[in-house]
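As given, the protein sequences belong to chains P and X, one line each in that order.
Quick note on numbering: UniProt numbering labels position 360 of the first sequence as 360, and the sequence is numbered without any gaps.
Quick note on numbering: UniProt numbering labels position 347 of the second sequence as 347, and the sequence is numbered without any gaps.
There are 2 protein chains.
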Amino acid sequence: MSGTGQEAGAMPPGAADGPAGRALAARFRRIARLRQVERVLGWDQRVMMPAGAAALRGDQLAELELMRQDILVAPDMADLLDAAEGEAAAAPDPWWQANLREMRRMCRQAGAVPSDLLVAKARAVAAGEMAWRAARAEDRFDAMAGPLRAVIDAVRDWADALAAAQGCSRYDALLDQYDPGAKAATILPLFADLADTIRQVLPEILERQAAAPPAVQPPAVPTARQADAARALAAFLGFDFRHGRLDESLHPFTSGSLGDVRITTRFDAGDPMSGLLAVAHETGHALYEAGLPAAWRDQPAGRARGMILHESQSLLCERQLMRLPGVLDWLAGDLAGRFGAAPAWSAANLRRLASRVIPGLIRVEADEVTYPLHILLRTELEQALLAGDLAVDDLPGAWADRMHDLLGVSVPDDRRGCLQDIHWPSGAFGYFPTYTLGALAAVQLFEAAAGTQKAAGGADADHETILAWMGRNVHGAASSADTDGILQAATGAPLGSAAFKRHIRATYLT
Amino acid sequence: MSGTGQEAGAMPPGAADGPAGRALAARFRRIARLRQVERVLGWDQRVMMPAGAAALRGDQLAELELMRQDILVAPDMADLLDAAEGEAAAAPDPWWQANLREMRRMCRQAGAVPSDLLVAKARAVAAGEMAWRAARAEDRFDAMAGPLRAVIDAVRDWADALAAAQGCSRYDALLDQYDPGAKAATILPLFADLADTIRQVLPEILERQAAAPPAVQPPAVPTARQADAARALAAFLGFDFRHGRLDESLHPFTSGSLGDVRITTRFDAGDPMSGLLAVAHETGHALYEAGLPAAWRDQPAGRARGMILHESQSLLCERQLMRLPGVLDWLAGDLAGRFGAAPAWSAANLRRLASRVIPGLIRVEADEVTYPLHILLRTELEQALLAGDLAVDDLPGAWADRMHDLLGVSVPDDRRGCLQDIHWPSGAFGYFPTYTLGALAAVQLFEAAAGTQKAAGGADADHETILAWMGRNVHGAASSADTDGILQAATGAPLGSAAFKRHIRATYLT
């Protein structure tokens with residue numbers, strides 16, 4: 001029963017000043033609440049739900065998605081949007097304008113794809129994910145080739161329908177799904193330039209690292225005790241347990257919404273830092289969600305902008321903040337207090353552990369220097385697959401060749417090659433680039449925040465000041481502008497690689 | 001995305017053979033899935049949700065409820081129902097007929113109450129529950145009197161609107177909310193007769209109990225170890241952990257739906273049997289939900305019939321089955337194995353513990369003999385409050401007088417008097433009777449099931465045979481008939497007190 005929390009998510013008075021605007025706000029509030037519910041159910045599915053309930057939960061989520069879709073494609077929606085724009089023309093409010101823009105975008109996308117294409121894609125993806133699990137477990141790429149071909153065909157048709165409605169290319173339509181407005185024409189040159197730089201500096205980084213004292217591997221710690229440390233770290237970074245939870249799951253993720261944000265991690269008894277860094281990462285995602293403007297919580301303009309800025313916030317916490325002296329000193333003291341003094345828990349060693357560079361086969365284990373090369377490879381190959389320039393049967397070979405070329409490693413089997421990620425079999429083409437773009441944005445934002453602190457006569461960057469800056473410039477901006485607009489306003493420039501390159505040199509070569 | 005679990009919840013082919021029938025089935029499938037989602041969210045709210053998310057969750061649940069309401073009051077619903085009845089007239093299928101009947105009932109109720117009355121009731125209840133928590137904590141009835149008056153006024157208006165639409169009395173409209181078709185004219189004479197019997201036999205029961213060897217109180221057991229025993233007991237009784245969970249919560253409850261049923265309990269280190277009996281109780285609720293017909297899962301006819309049969313199944317497990325020699329022998333062995341041999345864990349002592357009769361002040365701690373007197377008191381007083389025959393200010397006195405009269409106990413304070421239950425401040429008038437009616441139904445059903453087993457040449461009743469009988473005669477019947485119809489078909493008689501009276505004599509006076 002409501003009447004209670006209404007206020008927290010209510011738009012500022014006067015934002016939608018007219019009957020059409022108010023009607024639209026009510027419809028999109030319903031959509032927002034359905035999404036919030038879906039996110040709780042998604043969390044439950046991966047953390048709490050009994051295994052036998054998978055099909056039931058699938059039906060429930062499909063129904064909720066359909067209900068959102070039904071609202072967006074209602075026949076009177078176009079007229080309502082026109083009328084609301086008319087109402088708002090007299091005294092335009094920038095947030096309400098952004099809200100109307102996002103509403104139009106959502107309606108355009110919902111109306112773009114015939115339902116038979118959606119069903120075909122959902123079916124292909126369900127089969128693709130199932131085939132991937134088996135193929136990966138048995139290291140049999142051939143078992144996934146057919147299902148992956150079907151996924152690519154379905155994604156192609158779906159993306160073409162989106163592209164036609166938006167007047168853009170197929171790949172741009174896919175990029176737009178994960179970060180509205182992202183364009184291949186901007187991204188690809190950025191990636192190529194970045195790869196050149198990395199390949200140029202990597203040998204020297206490895207040389208210097210070999211000559212420096214090696215990091216001391218931490219002792220094993222029982223996972224239950226790691227969980228306490230993880231909770232303390234999340235709280236230290238600003239995670240609010242009155243409005244959130246931390247649980248364990250197979251793969252770390254963040255779900256929930258502003259007011260109820262839930263993060264997960266996994267613990268490895270033999271490698272205590274991996275669980276802690278994963279918690280720092282998810283805490284970054286959580287702080288973004290928790291920092292969205294409460295007044296716009298239930299409207300499109302109040303949503304997180306996209307995967308680029310989301311990933312920027314998680315990487316900011318995991319990489320930039322976890323290297324700050326203030327954070328490392330606190331963590332060193334906390335871990336030594338919990339687990340007993342040990343050389344591994346010194347701040348200097350924690351920094352060394354967080355800065356090791358090791359060219360390897362597995363993307364999720366990669367360091368920040370080599371990670372962009374993993375993404376470049378995937379971006380190239382997924383474009384080729386979609387364009388039909390690369391046959392699915394030739395994927396393992398192309399993967400191995402390019403890994404060797406970019407990272408100098410030999411791919412011993414497909415499990416450690418093109419079977420390692422679930423993204424393609426689950427239809428997520430266009431997603432990979434956001435990882436590297438997020439890493440670039442993280443550094444660009446950190447540099448600007450730290451520069452602001454310094455310019456204001458402050459001392460060295462501290463995590464609280466940096467995060468408060470992110471709250472004002474990124475979290476609070478929500479979807480009031482596009483990604484480049486938010487970055488431009490916050491840092492004075494659109495997304496670029498200059499700050500990242502400076503960071504690599506400063507961190508690894510000085 | 002769906003296409004996967006669809007089959008499990010699909011109606012038998014041909015059940016709704018016509019366009020109107022199929023359209024209705026689709027609308028009510030959506031309603032069913034929303035309810036399933038609400039039940040998961042309700043579980044989450046009480047077991048997992050961070051405290052600060054209460055208002056947000058309230059908004060989400062209110063939105064989902066409104067979406068269900070919107071479907072039920074759609075302007076074309078009456079025409080669709082008429083058309084579907086026409087389609088079904090040629091070859092009537094009893095389940096589909098029941099489904100249409102339930103659909104009509106839901107639409108009638110949804111359309112009966114103007115939304116301002118619903119809002120007024122929701123507001124009064126929110127304030128009433130809050131006032132109750134404070135009043136109970138401080139033992140200050142006066143702090144709850146005003147809010148309770150407001151709840152009663154709101155419930156009265158709401159019930160009158162329902163009563164007008166259904167052509168019944170105000171109290172019958174309330175009873176009907178918890179058990180469709182329940183009538184005061186049937187219930188009240190049953191309660192009076194039962195109270196006479198109980199008050200007549202109670203002195204002799206207490207006398208015999210005083211003369212018999214007392215039950216040995218079990219030793220304290222850490223709650224974590226109790227949880228393992230609780231899990232084992234639930235599984236022994238047939239709870240399927242592949243499709244369900246057992247967690248801890250402040251008050252035990254059952255939520256979720258067929259395919260994903262979730263029960264909770266609370267543990268008391270000093271009283272290990274209380275948590276175990278609560279688990280047996282909730283397992284009974286869970287087995288009912290899990291035993292509903294899968295093919296009708298997403299339709300009104302597939303829902304549990306009402307609170308009377310629901311409570312009958314929980315009490316059957318907690319009381320009837322937990323006294324069967326086969327169950328007690330298993331439990332005695334299991335507990336001794338887990339916690340070490342002790343006189344308290346003998347089957348005979350467990351039976352004695354489960355059969356103690358102690359007239360007391362608190363309903364939720366009452367034994368099965370005195371429990372109906374607690375309910376009689378509440379039923380009388382809630383009718384008087386609703387009718388205006390009892391002023392709220394006079395409630396504490398009336399409560400104390402009647403407790404003394406019925407149970408011979410003196411009420412020392414309102415916390416142990418009329419402040420002990422949340423039902424009235426939360427607007428649940430008409431709910432209390434289902435507890436006693438459920439207890440009568442439990443014994444009536446158990447007697448019939450055991451009789452069937454005996455008549456078939458079987459040995460003494462065993463829990464698996466009894467539960468299989470319940471599955472066929474109660475769980476599987478879902479809402480295909482009303483409560484009395486299901487009891488008539490299962491036991492040969494509508495709900496009555498004869499079996500219960502026989503049970504009391506056989507258990508406590510022979």
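The beta carbon of each residue, even a glycine, is placed where N, CA and C say it ideally should be.
In this model, residue 129 of chain P and residue 424 of chain P are separated by some 9 Å (Cα to Cα). By the neighbour-count criterion, in which a residue is buried when 16 or more other Cβ atoms sit within 10 angstroms of its Cβ, residue 356 of chain P is exposed. In this structure, the beta-carbon distance from residue 155 of chain P to residue 487 of chain P does not fall below 9 Å.
Taking 9 Å as the threshold, the shortest C-beta distance from residue 52 of chain P to chain X falls below it. For residue 60 of chain X, a Cβ of chain P is located within less than 9 Å of the residue's own Cβ. Counting C-beta atoms within 10 angstroms of its own C-beta, residue 21 of chain X has 16 or more neighbours from the protein chains shown and is therefore classed as buried. Buried is the label assigned to residue 102 of chain P, since at least 16 other Cβ atoms lie within 10 Å of its Cβ. As the crow flies, the alpha-carbon of residue 479 of chain X is around 28 Å from that of residue 455 of chain X. Taking residue 40 of chain P as reference, the option from P:176, P:57, P:354, P:52 with the minimal CA-CA separation is P:57. Check the Cα spacing between residue 95 of chain P and each of P:329, P:415, P:296: the tightest is with P:296.
For residue 282 of chain P, no beta strand (DSSP E) run applies; the uninterrupted alpha helix (DSSP H) run containing it begins and ends at 272-290, by DSSP.
Secondary structure note for residue 350 of chain X: its alpha helix (DSSP H) is the uninterrupted segment 347-354. Residue pairing by DSSP places residue 256 of chain P opposite P:261 in a beta bridge. What residue 63 of chain P touches in chain X, judged by beta-carbon distance under 7 Å, is 30, 33, going in chain order.
The alpha carbon of residue 414 of chain X has as its nearest neighbour, out of X:76, X:118, X:49, X:145, the alpha carbon of X:145. Each residue's CA atom was taken as its position, placing residue 209 of chain X and residue 250 of chain P some 55 Å apart. Under the three-state reduction of DSSP output, residue 509 of chain P falls in the coil class, being neither helix nor strand. A distance below 8 Å between beta-carbons, with the five flanking residues on each side excluded, links residue 139 of chain P to the following residues of its chain, in chain order: 413, 414, 415, 419. In the structure shown, residue 68 of chain X adopts helical secondary structure according to DSSP, grouped into three states. For the pair residue 317 of chain P and residue 280 of chain P, the Cα-to-Cα distance works out to about 6 Å.
The shortest CA-to-CA distance from residue 498 of chain P to any of P:168, P:245, P:437 is the one to P:437.
Against residue 11 of chain X, chain P offers no close residue; the least beta-carbon distance is about 14 Å (beta-carbon pairs closer than 9 Å). According to the DSSP assignment, residue 82 of chain X belongs to the alpha helix (DSSP H) that extends over 77-89. Interface residue (Cβ-Cβ distance to chain P less than 9 Å): residue 410 of chain X is not classified as such. A straight line joining the alpha-carbon of residue 243 of chain P with that of residue 48 of chain X spans about 11 Å.
Leaving aside the five residues that flank residue 327 of chain P on each side, the residues in its chain whose CB is nearer than 6 Å to its CB run, in chain order, 321, 463. Between the C-alpha atoms of residue 215 of chain X and residue 358 of chain X there is a straight-line separation of about 13 Å. Of P:199, P:26, P:282, P:59, the smallest CA-CA separation from residue 35 of chain X is found for P:59. Boundaries around residue 207 of chain X are those of the alpha helix (DSSP H), 184-211, since no beta strand (DSSP E) includes it. Residues of the stretch 244-260 of chain X with a C-beta atom less than 7 Å from some C-beta of chain P are 244, 245, 259, 260, listed in chain order. Against chain P, the CB of residue 55 of chain X has a partner CB under 9 Å away; the residue lies at that interface. Residue 149 of chain P and residue 392 of chain P have their alpha carbons spaced roughly 7 Å apart. Against chain P, the beta carbon of residue 299 of chain X has no neighbour under 9 Å; the closest one sits roughly 13 Å away. Taking the Cβ atoms as the reference, residue 17 of chain X lies roughly 7 Å from residue 87 of chain X, within the contact range of under 8 Å. Looking at the backbone, the Cα of residue 67 of chain X and that of residue 439 of chain P are separated by about 41 Å.
Between the stretch 186-206 of chain P and the stretch 328-336 of chain P there are fewer than three C-beta pairs closer than 8 Å, too few to call the two in contact.
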